[in-house]
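The sequence shown begins at 1 in the working numbering and counts up by one. Beta carbons are placed, not taken as given, at the ideal position from N, Cα and C, and that holds for glycine.
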Amino acid sequence: GTQKIADDLNQKGIPSKRGGRWTATTIRGILKNEKYTGDVILQKTYTDSRFNKRTNYGEKNRYLIENHHEAIISHEVFEAVEAALNQRAKEKGIEKRNDKYQNRYSFSGKIICSECGSTFKRRIHSSGTRKYVAWCCSKHLKQITECSMQFIRDEDIKTAFVTMINKLIFGRKLILQPLLDALRGMSNSDNLSRIQELEKQIEKNAEQRELLVKLMAKGYLEPALFNRENNELQMEADNYMGQKEALIHALNGELSKVQEV
Numbered sequence: 001g002t003q004k005i006a007d008d009l010n011q012k013g014i015p016s017k018r019g020g021r022w023t024a025t026t027i028r029g030i031l032k033n034e035k036y037t038g039d040v041i042l043q044k045t046y047t048d049s050r051f052n053k054r055t056n057y058g059e060k061n062r063y064l065i066e067n068h069h070e071a072i073i074s075h076e077v078f079e080a081v082e083a084a085l086n087q088r089a090k091e092k093g094i095e096k097r098n099d100k101y102q103n104r105y106s107f108s109g110k111i112i113c114s115e116c117g118s119t120f121k122r123r124i125h126s127s128g129t130r131k132y133v134a135w136c137c138s139k140h141l142k143q144i145t146e147c148s149m150q151f152i153r154d155e156d157i158k159t160a161f162v163t164m165i166n167k168l169i170f171g172r173k174l175i176l177q178p179l180l181d182a183l184r185g186m187s188n189s190d191n192l193s194r195i196q197e198l199e200k201q202i203e204k205n206a207e208q209r210e211l212l213v214k215l216m217a218k219g220y221l222e223p224a225l226f227n228r229e230n231n232e233l234q235m236e237a238d239n240y241m242g243q244k245e246a247l248i249h250a251l252n253g254e255l256s257k258v259q260e261v
């Protein structure tokens, strides 16, 4: 298996890319890297609102660009290796992260805490004899002292979501159509440059929100001012993320999906 390959390379004195020893994890990463087939998957990782880099387990969309560069191996060989790795994992009782559970509900993995950057989890709350669905910050659930974010009722989230969709529908000519027209007139190199620029803006926005949280925690900001400034930054971040996702769609030849939105 991968450990045997790593051992053989180490015994032969062949250094890894960083000049160190080979490990089974490194070998497995190479074998599962789709870039060797000439394809590229975008957004394998993402930056949360706390400026932390996270592995994308379904919280965000991922996009495949086929024939991005010259291939080293065929798709048939790559798929055969992946099948062999999956079979070995199954024999050892190792299961992949359950993506089906991660996206069990419409908002699963999509609600991000503005205070700590963690995702929200769906919970059933009780008020007397009445039960209702609410979404709670996962970090708050684990350790209440690390995040003070309160729960949000499911019905309130759905109302806000429908309100935003209606705004986009009725304002599509002012908001979405200009963006679509701009995308159609841009080349792939322009798109890549714009995506990089947006990523910098997203990181800067996350730093600003983190500073707001620190100032609020130290008592330098009034709650009303904090909420106003934080909401403005959140709207700005949502705008950047929307533009980035549309550009990635365009790179993947999916302008039709942008039109559908």
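- The continuous beta strand (DSSP E) containing ARG130 extends over residues 130 to 137.
- Per DSSP, LYS121 is one residue of the beta strand (DSSP E) stretching across 120 to 127.
- In the structure shown, TYR36 falls within a helical segment according to DSSP collapsed to helix, strand and coil.
- When C-alpha distances from ASP154 are compared across LEU192, SER108, ASP190 and ARG62, the shortest belongs to SER108.
- Here HIS68 has GLY38, ASP39 and VAL40 as same chain residues with Cβ atoms under 7 Å from its own Cβ, once five neighbours each way along the sequence are excluded.
- Taking the Cβ atoms as the reference, ARG62 lies roughly 7 Å from LEU42, within the contact range of under 8 Å.
- Of the candidates CYS113, GLU115 and PHE120, the residue whose Cα lies closest to the Cα of TYR105 is PHE120.
- Secondary structure of ARG209 (DSSP, three-state): helix.
- Per DSSP, ARG54 is one residue of the beta strand (DSSP E) stretching across 53 to 55.
- With a threshold of 16 other beta carbon atoms within 10 Å, HIS249 meets it and is buried.
- Excluding residues up to 5 positions away in sequence, LYS53, ARG54, ASN56, GLU59 and LYS60 lie with their Cβ nearer than 8 Å to the Cβ of TYR46 in the same chain.
- Per DSSP, the unbroken alpha helix (DSSP H) holding ILE157 starts and ends at 154 to 170.
- Contact between CYS116 and CYS147 holds, with the beta-carbon distance rounding to 4 Å and staying under 8 Å.
- Sorting LEU64, ARG18 and THR2 by C-alpha distance to the C-alpha of GLU245 places LEU64 at the top.
- PHE170 and PHE161 have their alpha carbons spaced roughly 14 Å apart.
- A residue is called buried once 16 or more other Cβ atoms fall within 10 Å of its Cβ, and ASN205 is buried on that count.
- Around the Cβ of ILE124, a 10 Å sphere holds fewer than 16 other Cβ atoms; the residue is exposed.
- In this structure, the straight-line span from the alpha carbon of MET149 to that of LYS142 is close to 12 Å.
- Shown here, ILE202 sits in a helix according to DSSP, grouped into three states.
- A Cβ-Cβ separation of about 6 Å places ARG194 in contact with LEU247 under the 8 Å criterion.
- ARG21 and ASN10 do touch by the CB rule: their CB atoms are close to 5 Å apart, below 8 Å.
- The three-state secondary structure of ILE41, taken from DSSP, is strand.
- Around the CB of ILE165, fewer than 16 other CB atoms lie within 10 Å, so the residue is classed as exposed.
- THR2 sits in a helix when the DSSP states are folded into three classes.
- Beta-bridge partners assigned by DSSP to LEU179: none are found.
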